[in-house]
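A.B. asks: Let me begin by handing over the structure; questions about it come next.
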Amino acid sequence: MENSRNHEQADTIIVEVIKALADWLDSPEQAGLKRAFVAWLKQIYLPRHLPNTPMPVINELEEVRIMLEERVQQWYAEGMQIGVQQGVQQGLQQGLQQGLQQGEYFGLQRGRQEEKQRDILMILETRFGELPLSLVEQVKSMTEMNLLETCLKQAVLAESLTVFCEQWVKTN
């Protein structure tokens with residue numbers, strides 16, 4: 001990109017020089033020098049500095065200036081397009097990476113929540129038998145880890161399902 005910017009700057013300067021030279025060589029007594037300069041531009045300078053660029057028929061300095069101005073504009077447009085493409089690509093990569101990291105974090109968090117919910121229900125069912133559906137649904141709707149850990153301890157320590165439910169009401 002930096003190299004492209006240097007080419008653009010150099011060509012912009014050359015366009016200005018050619019314009020000034022065209023003005024200076026505009027007089028009839030400079031016609032021979034003007035033809036020689038146009039020939040040098042066509043045969044040496046332009047093919048070296050703009051390889052792989054189709055060369056139109058050039059007979060006047062003004063035509064060279066116009067061609068170079070168009071080339072500078074084309075480089076600018078290409079540079080902008082490359083910049084936009086790189087920006088979009090980088091943004092997509094960063095967004096994807098960030099999304100994956102957040103998704104992984106939330107997935108792990110959700111997995112821990114579900115594990116705590118299952119542990120609470122398993123302990124209560126093992127200790128007290130079949131559980132009321134409303135209690136199962138309440139436990140499964142809990143998402144806050146601190147609350148789940150408190151309920152897990154209560155499930156282990158409660159003397160009865162009734163005591164657990166009373167403590168549950170106090171906790172919520």
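Anchor point for the sequence shown: position 98 equals 98 in the UniProt record's numbering, and the numbering is continuous, going up by one each time. We treat Cβ as the ideally placed atom computed from N, Cα and C, and that holds for glycine. None of these values were measured; they are calculated from a predicted model.
1) Out of curiosity, what's the CA-to-CA distance linking Val84 and Glu78?
2) Kindly indicate which three-state DSSP category residue 174 falls into: helix, strand or coil?
3) Identify whether Glu130 lies in helix, strand or coil by the three-state DSSP scheme.
4) Please name the residue in Leu108, Ala22 and Gln43 whose C-alpha comes closest to that of Ile66.
5) Let's see if you can read the secondary structure: which residues bound the alpha helix (DSSP H) around residue 182?
6) With a cut-off of 8 Å on the beta carbons, I'd call Ile14 and Leu50 a contact; round off their distance for me.
7) Name the residue from Glu125, Thr143, Met145 and Glu144 whose alpha carbon lies nearest to the alpha carbon of Ala155.
8) Quick one: grab the DSSP three-state call for Thr12.
9) Can you round the beta-carbon distance between Ile120 and Leu147 to whole angstroms, since I take them to be within the 8 Å contact cut?
10) Looking at C-alpha atoms only, which residue of Leu131, Arg110 and Gln167 is the closest neighbour of Met142?
11) So, for Leu41: in the same chain, excluding its five sequence neighbours on each side, which residues have a beta-carbon less than 6 Å away from its beta-carbon?
12) Can you check which of these residues, Gly91, Cys165, Leu161 and Ile44, is closest to residue 181 by C-alpha distance?
13) Excluding the 5 residues flanking residue 229 on each side, which residues of the same chain have their C-beta closer than 8 Å to its C-beta?
C.D. replies: Concretely, from the data shown:
1) Cα to Cα, Val84 sits roughly 10 Å from Glu78.
2) The chain is shown only over 1 to 172; residue 174 falls outside these bounds and no answer can be derived.
3) It is coil, neither helix nor strand.
4) The shortest Cα separation from Ile66 among Leu108, Ala22 and Gln43 belongs to Ala22.
5) The first residue shown for the chain is 1 and the last is 172, placing residue 182 beyond what the model contains.
6) About 11 Å; that fails the 8 Å criterion.
7) It is Glu125 whose Cα lies nearest to the Cα of Ala155.
8) Thr12 falls in the helix class under three-state DSSP.
9) Your pair Ile120 and Leu147 does not check out as a contact, with CB atoms roughly 10 Å apart and the cut at 8 Å.
10) Nearest option by C-alpha distance: Arg110.
11) Val64, listed in sequence order.
12) Limits of the chain in this structure are 1 at one end and 172 at the other, which puts residue 181 out of reach.
13) Any answer about residue 229 is impossible in this case: the structure gives the chain only from 1 up to 172.
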